[in-house]
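Residue numbers (this note's numbering): 5 to 257.
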């Protein structure tokens with residue numbers, strides 16, 4: 005499923021006057037791609053994701069999935085936030101099954117799908133645990149498994165690892181790349197972490213600020229099976245420095 009933004013702009017009406025969050029954004033994400041969006045504060049990263057998720061409507065332009073305008077939330081788009089959004093009264097297993105319970109699928113298929121995603125995210129041994137018994141990284145695994153269990157065409161990630169410590173964050177990055185390879189799901193992730201964007205993405209899109217707009221769209225020419233050692237590769241370090249320079253440059257414009 006191809007995701008496309010055509011001339012997308014978003015203006016918020018505030019008491020002090022209009023705030024132009026995004027202006028003239030054109031972006032295409034092909035099926036199966038992994039694209040990371042970076043930018044400084046005020047670049048409209050989260051607004052962009054909200055428009056794609058259908059949680060808000062663009063003021064100008066259009067968001068399309070396979071050529072059809074996005075009019076609201078839909079099961080073809082899964083969304084994971086930075087904040088802890090697991091349901092505290094449900095076990096891990098029942099958190100992951102939540103979205104599936106709303107779909108017309110046989111109970112046996114639901115159970116098989118939940119089991120597969122629990123295994124894929126390393127949660128099988130915690131299936132009967134409650135969220136209060138889990139670490140922050142484990143709760144994010146639950147949120148990702150829950151989003152993927154409905155098998156969306158596009159997985160949208162809003163700084164999902166921003167609140168995690170460095171080691172847990174890197175573990176989650178490796179997990180996410182493995183899930184992407186195993187499932188073939190299209191991934192669009194926004195993050196303020198340039199190193200994370202370069203490590204995870206096939207492409208890195210840099211947003212300029214005030215209003216948010218695309219300043220650069222860069223291919224990540226690194227092995228698809230990269231591991232953490234890639235972060236010390238000269239090509240990786242050079243691309244990270246280039247993206248960091250672009251973020252700084254376009255934050256001032």
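Backbone N, C-alpha and C define an ideal beta-carbon position, used for all residues, glycine too.
Just so it is clear, the structure is predicted and the values come from calculations on it, not from any experiment.
Neighbourhood of residue i by C-beta distance below 7 Å, restricted to the same chain and skipping five residues each side
| i | result |
| --- | --- |
| residue 175 | 141 |
| residue 47 | 211, 212, 213 and 216 |
| residue 169 | none |
| residue 50 | 162 and 194 |
| residue 244 | 198, 199 and 202 |
| residue 128 | 122 |
| residue 186 | 124 |
Exposure of residue i, with buried meaning 16 or more beta-carbon neighbours within 10 Å
| i | result |
| --- | --- |
| residue 16 | exposed |
| residue 91 | exposed |
| residue 35 | exposed |
| residue 144 | buried |
| residue 78 | exposed |
| residue 62 | buried |
| residue 218 | buried |
Residue i in three-state terms, based on DSSP
| i | result |
| --- | --- |
| residue 35 | coil |
| residue 242 | helix |
| residue 16 | strand |
| residue 154 | coil |
| residue 163 | coil |
| residue 6 | coil |
| residue 87 | coil |
| residue 41 | strand |
| residue 255 | helix |
| residue 60 | coil |
| residue 82 | strand |
Own chain residues within Cβ distance below 6 Å of residue i, not counting five before or after
| i | result |
| --- | --- |
| residue 45 | none |
| residue 172 | 141 |
Contact test: residue i Cβ vs the ligand NAP heavy atom, cutoff 7 Å
| i | result |
| --- | --- |
| residue 170 | Ligands in the displayed structure: none, and consequently the ligand NAP is not present. |
Distance, residue j Cα to residue i Cα
| i | j | result |
| --- | --- | --- |
| residue 29 | residue 23 | 16 Å |
| residue 254 | residue 95 | 44 Å |
| residue 240 | residue 114 | 41 Å |
| residue 67 | residue 53 | 11 Å |
| residue 207 | residue 223 | 5 Å |
Same chain only: Cβ atoms within 8 Å of residue i, ignoring 5 sequence neighbours per side
| i | result |
| --- | --- |
| residue 251 | 42, 43, 44, 198 and 210 |
| residue 102 | 91, 94 and 150 |
| residue 153 | 100, 101, 103, 104, 117, 118 and 121 |
Inset, instruction - Taking 8 Å as the threshold, find out whether the segment 193-211 comes into contact with the segment 55-66 through three or more Cβ pairs. - result: Of all C-beta pairs linking the segment 193-211 to the segment 55-66, fewer than three are shorter than 8 Å, placing the two stretches out of contact.
Legend entry - At least 3 beta-carbon pairs within less than 8 Å: the segment 179-198 vs the segment 146-154: Touching, per the Cβ criterion.
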